[in-house]
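Accompanying notes for the structure given below.
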Amino acid sequence: EGDIWKYIEGAYDSDGDFSNSGPRLCSYDEEEKKFIKRIYDHLGLESSIQTNNVYVKVSSADQFFKNVDPVYKKRRP
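Mapping of the sequence shown onto our numbering: position 53 corresponds to residue 246, and the numbering continues sequentially without gaps.
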């Protein structure tokens, strides 16, 4: 239960990377990466599981940032 975007905000606040190629949630835990991928799929975000992260594709970055903007502003490079 709870707000999915708030969960993502919390995850990015501790383990996120807002690179130019797309936001990434860093993890080496395979189950956690699959879980995050399912969340992104549920939210309609295009994403990809990488070796050490799940990354939101550029095509979905605007939708992502619209919903996690408070965290992004705090951590903006």
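All residues carry an ideal CB built from backbone N, CA and C; glycine is no exception.
What you are looking at is a predicted structure, and each value in this text was computed from that prediction instead of being measured.
Does DSSP put residue 237 in a helix, in a strand, or in coil?
Start at 1 with the first residue of the sequence shown, and residue 237 comes out as number 44. Coil at residue 237, not helix or strand.
Review point. To which residues of the same chain is residue 216 closer than 6 Å at the C-beta, ignoring the five residues directly before and after it?
Key: Here the question's residue 216 lines up with position 23 in the sequence shown. Taken in chain order, the residues that qualify are 249 and 257.
ask   = Should residue 251 be labelled buried (16 or more other beta-carbon atoms within 10 Å of its own) or exposed?
value = Start at 1 with the first residue of the sequence shown, and residue 251 comes out as number 58. Exposed, because fewer than 16 other Cβ atoms sit within 10 Å of the Cβ of residue 251.
Going by other Cβ atoms of all chains shown within 10 Å of its Cβ, with 16 needed for buried, is residue 209 buried or exposed? Mapped onto the sequence shown, residue 209 falls at position 16. Buried, by the Cβ-count rule.
- May I ask which residues mark the beginning and end of the alpha helix (DSSP H) holding residue 212? Numbered from its first residue, the sequence shown carries residue 212 at position 19. First-last for residue 212: 209 to 212, but that is the beta strand (DSSP E), not the alpha helix (DSSP H).
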